[in-house]
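Residue numbers (full-length UniProt numbering): 1 to 1132. Note sheet for the following structure.
Below, the structure written as structure tokens:
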């Protein structure tokens, strides 16, 4: 929960951001490696390749030798690999008219690897070439093509900063042959590579794969093991499409599909570490841009004629777009003529690959449906629509009759585009005496999934009223994504209202208290409303654990129209991804404390983003096309800028006269650091003014052609000392190649498994778990997880609270998805000892290798659980990272936790010591631990929360819960990504980075425990060296972020907040000296050599940075109104 000291005065067209005093009732606002030695291991490896209608399973024994010598300053590396095995294929005789589709692959690399795998004809040929050059930059060139009746064309180049000087070349060959039906044949494989050498004064920058391999071998952290890798080649499978009237062209080439192959489904019969779905469409002569990542999949084959699409396939699910191709993480610089759309699960190619397209005047056909229009039967095949719905709300007043899953058609909605479905939709949302705006502040006892099948849903006044703890989900299958269409006479301010204003002007829910909600997979169409009407598609004043995903907004293109895609005037978010805005006055009107937003595309919008106010904000992978202004951050209130800081990375602005508009000045800026801005790796095409200043001055010129902003910023900068007031270019961050996809940081959207049948899911309730919050479900859950790994199925946690009394082990290869944030709830003596802590959910064991996918769940504790480590992540993932999306921890404050107001009231009137601390409120040892063996973890929209108030209490009264530690990352190898994470109210720290490295973070947000410093950080959880705990002085509050003995940590957006001292809010009042906490961010001198922090804001903290034990950044030097802001902290 965020405590906000701001409120917003709103009109239909503009915003005045005003910092104001507290007016809540519960304490909340409206709120260097050293390479040496030689190791040899022998590995067994299973390789799966899914190509069209054939599944080829290759088993090979691999002997691997890694030889490294030297120290930090230089070294050499050599690698060799040989093996042999057998091949078997899945029968395809049942596929009408298809027969066996064969393929060949050949690759050559400098600094990479290669393979050649021919099979029987008729064949689909695939060729690929790749070049790596390491020096001050790495250049990656890739081209792929497929011929015959399946065609893919893909090419691109990009560069990214690296260190050292490394070059290498490899060559390899392999062959296999197959025949129709189930068969096996001989297989041989060999590969070798030349040595890599470096004499850089810094660490040798080996290729990521080489560096990872050597690291594992030399550290001896992995014994011989079985690896599973997969490779998939997919043809286009588009999801939500862009505005067909857009004049932009896709960065990908297009494909035309004309075939009559019968739609079939094939599932891999082999056990794999990650088995995901894909859809393949047959075509004849055109080509489609595709970036493929390693995965195993079951393939749904569909065909049509004369359609076009583009796609990006990945390990988790099908990603497709007929749009600007900076989808999830692919690097792309494209021409000025593009269209755009999102996919139901947008994913990037594997780390350190790139796809920067330079095609021009290529158009991509697009519409509000997919290129291949599925039949009604295909649309109704989405697993969520067909699975047995038996989720429960065990702590609801009527758990036996309460309905969690609601299909709007079951409530009378027609979805025919003619019938007014407003009443039916709102009935689906509100039925069951749910937590309604204006009558309920918050509750976890009335969860709901409101599902929209394929169709067009006509909506009139008052629009759709969203409720608390609601997931509104559309069918994500390409061509089946539902449309919510405003009726021509619609006059309400918002079509979907996430927080309805009540009589008297107050929001129905406090915006900083709106948690645990989603909207995803929709086309929202405002085009029937006259352009003169001020209307927004979504009103979204929300807080943590909320998300918008995979939505296309269609708005008026009339000159001077007043349509908006998203309107936010309050709150403390939050995360958004995979959104497309076509037309309109403003794509987004934003006024909120902080957000992470990724993969947003704006086409033909007057102003893509209007930033009304923020404390700090992170945009990644933004594509702005044919707009007048890209980002407008000129909002001023009372002579002071309302925007604190904005960070924009890995983005594209095309054919837009003004990229960013600001009023920040080097002298007499008001407030001192208001309007701080960071631009890094932002590509411009036909942008006259990159950054416009006050009075239409040009702070950074653009280009009539194409150019890239490597790094530019404004605000205050710190190294070992500071501040330096700057406005202009700076040296960009030295990016770690293994964290990249091309020149962009890797990213990956939440899988939705839209192509898997219902039979691919295992329900935990069907398998015997109760989810009733009372019965021990440990054995039933573990049995389901074990079975799912052997069958390749997805584990489905029906809505419920699943009590566990022992550790639940997630083995490599598992995929887990929850309904309505299903809860795993620890209980009992097993988790009671703070001297012998135990994991509640253990993701992999030390030494385990593979991948998992985990989404839409919560891990919590019940009662005193002082030894509970809620999530322990040991898994090492190579290739496609393992991921967790919308997975949260929640400690106390909810029904069923036994940690509510009755048990754990605030104790600010009593001096708390170890002798009298309420033991019944010691609720967790550590929320999440990424251990030393873990690597390759992707986290997106993850909130680790210790409750500061009782969610079920009508007054949202404050409570005091003790949880020792927040997020501890000790991953030795690193290669981890955190997008949109927040950690709040733990005792010792919120984030701790210890002996780790190669880490991307953005945005991160914290709050210090409200009760501190009574007691201080070490009560009731003393420091423990086994968990790399920081040291403290008596009376000190917990760290927001503590970094020790770590390297290559880059943080794009950081907000560390301390609102209270002993539950008293006035320490954070503006002008009171920021006295809630003395220091909040610590970094040792070792880590400081390679850490970079951008867009950093604090609240209530006297000293913003403690470097090597010395406070170097007092708040008074960085005043930004209610918050204090630093644009850059780094020593290099």
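Ideal Cβ positions, reconstructed from N, Cα and C, are used throughout, including at glycine. Quick caveat, the model's predicted, so the values are computed rather than measured.
| Query | Result |
| --- | --- |
| Report the rounded CA-to-CA distance for residue 1120 versus residue 506, giving the unit in angstroms. | 27 Å |
| Going by DSSP in three states, residue 376 sits in which element: helix, strand or coil? | helix |
| Near residue 160, which residues of its chain fall below 6 Å by C-beta distance, leaving aside the five closest residues on each side in sequence? | Here residue 160 scores only 29 on pLDDT, less than 50, and its place in the model should not be relied on; the value that follows carries that caveat. Around residue 160: 138, 735, 740 and 743. |
| Considering only C-alpha positions, which residue in the set 799, 687 and 756 is nearest to residue 471? | 799 |
| Is it right to say residue 659 is buried, meaning 16 or more other beta carbons lie within 10 angstroms of its own, or is it exposed? | buried |
| First and last residue of the beta strand (DSSP E) that includes residue 383? | It is not in any beta strand (DSSP E) - residue 383 instead sits in the alpha helix (DSSP H) that spans 383–386. |
| Looking at C-beta atoms only, is the number of pairs between the region 1085–1095 and the region 690–707 that lie closer than 8 Å three or more? | no |
| CA-CA distance, residue 794 and residue 414? | 31 Å |
| Write down the C-beta distance between residue 467 and residue 489 rounded to the nearest angstrom, noting that I regard them as a contact closer than 8 Å. | Actually they are not in contact, since the Cβ atoms of residue 467 and residue 489 sit about 25 Å apart, beyond 8 Å. |
| In the structure shown, what three-state DSSP assignment does residue 56 receive? | With a pLDDT of 31 at residue 56, under the threshold of 50, the modelled position of this residue cannot be trusted; read the value that follows with caution. If DSSP states are grouped into helix, strand and coil, residue 56 belongs with the strands. |
| With residue 807 and residue 842 assumed to form a contact (beta carbons below 8 Å), what rounded beta-carbon distance in angstroms separates them? | 5 Å |
| State the DSSP-derived secondary structure class of residue 695, mapped to helix, strand or coil. | helix |
| Can you tell which of 1060, 750, 524 and 849 has the C-alpha that lies nearest to the C-alpha of residue 985? | 1060 |
| Using beta-carbon positions only, say whether residue 575 and residue 589 come within less than 8 Å of one another. | no |
| Taking residue 538 and residue 481 to be in contact with their CB atoms under 8 Å, please state how far apart those CB atoms are, rounded to whole angstroms. | Not quite, the Cβ-Cβ distance comes to about 16 Å (not below 8 Å), so this is no contact. |
| So the beta strand (DSSP E) residue 501 belongs to, where does it begin and stop? | Element bounds for residue 501: n/a, residue is neither H nor E. |
| Just list the residues that DSSP pairs residue 1077 with in beta bridges. | 1101 |
| Among 1023, 634 and 1055, which residue has its Cα nearest to the Cα of residue 834? | 1023 |
| Could you tell me whether the region 527–546 touches the region 935–948, using the rule of 3 or more Cβ pairs below 8 Å? | yes |
| Could you please give the first and the last residue of the uninterrupted beta strand (DSSP E) stretch that includes residue 859? | 853–861 |
| In chain order, what are the residue ranges of uninterrupted beta strand (DSSP E) at least 3 long that sit wholly in the region 982–1063? | 989–994, 997–1007, 1039–1044 and 1047–1057 |
| Classify residue 673 as helix, strand or coil using the three-state DSSP reduction. | coil |
| Alpha carbons only, please: which of 783, 774, 746 and 747 is nearest the one belonging to residue 763? | 783 |
| Identify every residue that forms a DSSP beta bridge with residue 869. | 839 and 926 |
| What residue range is occupied by the uninterrupted alpha helix (DSSP H) comprising residue 425? | 422–430 |
| Any contact between the region 1007–1017 and the region 1028–1038? By contact I mean 3 or more CB pairs, one from each, below 8 Å. | yes |
| Indicate the three-state DSSP secondary structure (helix, strand or coil) for residue 551 in the structure shown. | strand |
| Return helix, strand or coil for residue 513, following the three-state DSSP convention. | helix |
| Does the distance from the CB of residue 598 to the CB of residue 979 come in under 8 Å? | yes |
| Beta-carbon separation of residue 1148 and residue 1128 under 8 Å? | Examination of residue 1148 is not possible in this model, given that the chain is present from 1 through 1132 alone. |
| Select from 616, 737, 717 and 686 the residue whose C-alpha is nearest the C-alpha of residue 1000. | 737 |
| Using CA atoms only, rank isn't needed, just tell me which of 864, 826, 754 and 872 is closest to residue 817. | 754 |
| Helix, strand or coil for residue 632? Go by DSSP, reduced to three states. | strand |
| Thinking residue 596 and residue 1003 are a contact (beta carbons under 8 Å), I'd like their distance in whole angstroms, please. | 4 Å |
| Using a Cβ-Cβ cutoff of less than 6 Å, which residues in the same chain neighbour residue 428 once the five nearest sequence positions on both sides are dropped? | 406, 408, 411 and 450 |
| In this structure, how does DSSP classify residue 753 when only helix, strand and coil are distinguished? | coil |
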